[in-house]
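Written below as structure tokens is the structure these notes are about.
2 protein chains.
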Amino acid sequence: MGVVANRMPVPGIGGAAVPAEPDALSTLVRLVGPDLAACNRTIVARMDSPVALIPQLAAHIVAAGGKRLRPLLTLAAARMCGYAGPRHVHLAACVEFIHTATLLHDDVVDESLLRRGLSSANAVFGNKASVLVGDFLFARAFQLMVEDGSLKVLGILSHAAATIAEGEVLQLVTQNDLSTSEQRYLDVVRGKTAALFAAACQVGAVVADRPGPEEAALAEYGTSLGMAFQLVDDALDYAADQVTLGKTVGDDFREGKITLPVLAAYQAGDAEAREFWVRTIEASSQTEADLDRAMLLVQRSGAIRTTLARAARFAMAAKDALAVFPDSPIRRALADVADYTVSRVS
Amino acid sequence: MGVVANRMPVPGIGGAAVPAEPDALSTLVRLVGPDLAACNRTIVARMDSPVALIPQLAAHIVAAGGKRLRPLLTLAAARMCGYAGPRHVHLAACVEFIHTATLLHDDVVDESLLRRGLSSANAVFGNKASVLVGDFLFARAFQLMVEDGSLKVLGILSHAAATIAEGEVLQLVTQNDLSTSEQRYLDVVRGKTAALFAAACQVGAVVADRPGPEEAALAEYGTSLGMAFQLVDDALDYAADQVTLGKTVGDDFREGKITLPVLAAYQAGDAEAREFWVRTIEASSQTEADLDRAMLLVQRSGAIRTTLARAARFAMAAKDALAVFPDSPIRRALADVADYTVSRVS
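From first to last, the protein sequence lines are chains A and B. Going by my numbering, the first sequence runs without a break in its numbering and finishes at 438. Going by my numbering, the second sequence runs without a break in its numbering and finishes at 438.
Shown next, in the form of structure tokens:
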């Protein structure tokens, strides 16, 4: 893993990437601590089933220590809107179930061997089980929403689920295709990642009964945060230290996934570089040494910088969206999370 | 395909398998014809997406000419309950979407190469696409339900979806395990097949605003019909002519799936037969000639007869459940469908 740039400075474009407190997420966790603990209890209680393999497999991925970023957004959004009841806890669990189902189905799809530093559920339990337990968690999420009883929430999250699937299929269609436009790549990201971030935030406004500007602002915050998050993730796949990131560097490269770092490096490349990308990404013909070369080409071409600059603009848009809310510790924490998202590489 | 018994007489146990009109399904189709046409239009309209691969792949499986049995049940149940509005058409489409999603995910799981006589979506488009388009249809089903606006319907179908996944996972757990009890096998069938039949019927009572005895009766009819349907399907996997059935005979055998024909043949078998089943099902060690031998052993042991007798009892229970409704052409057609289900082998 020769070419690693996990100390790369974050570009300070538009003021979006003012170095954030390194513990922006921890601050958010602290602010909604009891809610998050209750949410975790709900997750464990409701992923149970008489069919023992279901909680076993679900625990494998849930216990893998995800950051619970999406449910955190639901909890924080609801609190920022002044909500004082218990509903957001259950809906945050729904959001995490939908996310976990997506991860399980993504494991099947991508055959990635390392997720969050642990072997993937897929590698341990097999494709079949991953698909079916994903289906169970997805269905269970809707059962929880039905118990909650809000058709509006059900509408938001079923729409998000359909949009996620569309984004994932679009990603499949663009795979190995270097002629994919940047716009199309952004459409993929909007679907596969930003849709659930947006829904997670929006639901917080709904339970707090804040339709209108607040709900729209939270949806906008979530969308922009999700875009920033995924762009940084895509940059890290060509730049990160595997230990730091806790995921396999080079996954995207090996799968021929079309991400902004590749598109930018391809477009900026000379004839030789272009030939390299055509062979490795379009023709899927890769050797052992190719990942190091890919990382070098991405670095040299400025593609990482381009990608992070894009991410920084989205992070700024996320923060801007929060302007509709009065200043509060949670609002500040949510703004810091946007900065933190793009500063993960620093 | 030497050992084929597609002219096997149906056992007349308990009067359940009185030879039914060969066109019991056609009669039902005729009775709810305009509803079914509207449902098909809804299916085509709502499986659309800007991501072209989604309708393409969905059309592949939807156009494969499934019998639309499950949506037919919703339509017929609603009409039998005197419903005169348009909601059942949309909910029947939801039921078909959930069923189609399950088929797509089952294709991934089982790698069956022939479904309904056409190559499976999986074989044509790949595992990834099948998983993701299944996810899309599942989400789209919930969007349609949200548009319909009944939390009760959402509760019934989200519960069914979770139960289906549990049944499928339980099937995975029992795979290759000849010590599986008949009860456990029936639990698998109840989950993976009967749950959606039951929900499809129950929803018909709900839109017609017939809670209580009628709703319970329709749920019971659907459960029993689904059990009968799956048991016959499992028998056919060891007995049917591939052309007649439109599915690959021997799929279950090759996958080491534990079904009643295998359990009954194993239990009734002599030492040599048991050794055969242990090798082929538990150790998954199969040669070309083994399927013919498996079909012969299943036939000779009386396992097909045992399975069909079970199916016939479920079909009778399904018909009995209809007693709560006054006589009508639709009630008669639904009763005939139960008989037809177990007479598919004749």
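In this text, a Cβ means the ideal position worked out from N, Cα and C, and glycines have one as well. Model, not experiment: these values are computed from the prediction.
Q | Own chain residues within Cβ distance below 6 Å of B/Ala90, not counting five before or after | A | Residue numbering for chain B in the displayed model covers 93 to 438; residue 90 of chain B lies beyond these limits and cannot be assessed.
**Q.** Whole-number beta carbon distance between B/Ile135 and B/Ala185, since they are thought to touch under 8 Å
**A.** 5 Å
Q) What is the residue span of the alpha helix (DSSP H) that B/Pro305 lies within? A) 305–328
Q. So, helix, strand or coil for B/Gly361, using DSSP?
A. coil
Q. Is it right to say A/Glu364 is buried, meaning 16 or more other beta carbons lie within 10 angstroms of its own, or is it exposed?
A. exposed
Q) From B/Phe345 to B/Leu383, what does the alpha carbon distance come to, in whole angstroms? A) 7 Å
(Q) B/Val154 and A/Val261 - do their beta-carbons sit closer together than 7 Å? (A) no
Q. If you draw a straight line from the alpha carbon of B/Ser242 to that of B/Leu323, how long is it in whole angstroms?
A. 33 Å
Q. Counting Cβ pairs, one atom from each stretch, are 3 or more of them under 8 Å apart for the segment 351–360 of chain A and the segment 388–395 of chain A?
A. yes
Q | Nearest-angstrom Cα separation, counted from A/Ser271 out to A/Arg366 | A | 12 Å
Q. Helix, strand or coil: how does DSSP classify A/Val124 here?
A. coil
Q: May I ask which residues mark the beginning and end of the alpha helix (DSSP H) holding B/Tyr432?
A: Run containing B/Tyr432: 421–434, per the alpha helix (DSSP H) assignment.
(Q) Helix, strand or coil, according to DSSP, for B/Asn268 in the structure here? (A) coil
Q: Can you have a look at B/Asp279 and say buried or exposed, based on whether 16 or more other CB atoms are within 10 angstroms of its CB?
A: buried
Q: Examine chain A for any beta-carbon lying closer than 7 Å to the beta-carbon of B/Ser141, and answer yes or no.
A: yes
**Q.** Neighbouring residues, chain A, relative to B/Gly348 (Cβ below 7 Å)
**A.** Ordered by position in chain A, no residue passes the 7 Å Cβ test against B/Gly348, which lies about 12 Å from the chain.
Q. With 16 other CB atoms within 10 Å as the buried threshold, where does B/Thr177 fall?
A. It should be noted that the sequence gives Gly, not Thr, for residue 177 of chain B. With fewer than 16 other Cβ atoms within 10 Å, it is exposed.
Q.
On the CB-based measure, 16 or more other CB atoms within 10 Å of its CB, does A/Gly318 come out buried or exposed?
A. buried
Q) Got a sec? Which residues, its chain only, sit under 8 Å from A/Val416 by beta carbon, not counting five neighbours each side? A) Pro305, Glu306, Ala309
Q) Are the C-beta atoms of A/Phe228 and some chain B residue less than 7 Å apart? A) Yes, A/Phe228 lies at the interface with chain B (some Cβ there is under 7 Å from its Cβ).
Q.
Going by beta-carbon coordinates alone, are B/Arg331 and B/Ala287 separated by less than 7 Å?
A. The question names Arg, but residue 331 of chain B is Ala in the sequence shown. No. Outside cutoff.
Q | Any C-beta of chain A under 7 Å from that of B/Arg423 | A | no
Q: List the residues of chain B that A/Gly247 touches, going by C-beta distances under 7 Å, in chain order.
A: Neighbourhood of A/Gly247 in chain B, by CB distance below 7 Å: Val238, in chain order.
Q: For B/Gly174, count neighbouring C-beta atoms within 10 Å of its own C-beta (all shown protein chains included) and say buried if the count is 16 or more, exposed if not.
A: exposed
Q. In chain A, what lies closer than 8 Å to B/His197 by C-beta?
A. Val223, Leu224, Asp227
Q: Mark A/Asp46 as exposed unless 16 or more other C-beta atoms lie within 10 angstroms of its C-beta, in which case mark it buried.
A: Outside the shown range of chain A (93 to 438) lies residue 46 of chain A, about which nothing can therefore be said.
**Q.** Cβ-based burial, A/Thr285 [other Cβ within 10 Å; buried from 16]
**A.** A/Thr285 is classed as buried because its beta carbon has at least 16 other beta carbons within 10 Å across all chains shown.
Q.
Would B/Phe230 and B/Ala193 qualify as a contact pair, given that the criterion is a beta-carbon distance under 7 Å?
A. Yes; because the gap between Cβ atoms is below 7 Å, this pair is in contact.
Q: Taking 7 Å as the cut-off, decide whether the C-beta atoms of A/Thr399 and A/Ala327 are in contact.
A: yes
Q: Kindly say whether A/Arg207, judged by its beta-carbon, lies nearer than 7 Å to any beta-carbon of chain B.
A: Here A/Arg207 scores only 45 on pLDDT, less than 50, and its place in the model should not be relied on; the value that follows carries that caveat. Not closer than 7 Å to any Cβ of chain B, the Cβ of A/Arg207 fails to qualify, so no.
Q | Exposure of B/Ala356, with buried meaning 16 or more beta-carbon neighbours within 10 Å | A | buried
Q) Should A/Val370 go down as buried or exposed, given a rule of 16 or more other Cβ atoms within 10 Å for buried? A) exposed
Q) Taking Cβ-Cβ distances shorter than 8 Å, what residues in chain A pair up with B/Gln235? A) Gly247, Ser250, His251, Ala254
Q | Extent of the continuous alpha helix (DSSP H) run through A/Leu164 | A | 161–172
Q: Take A/Ala311 as the anchor and find which of A/Lys411, A/Leu196, A/Met139, A/Ser141 has the nearest alpha-carbon.
A: A/Lys411
Q: Along the alpha helix (DSSP H) that carries B/Met408, what are the first and last residues, could you check?
A: 395–413
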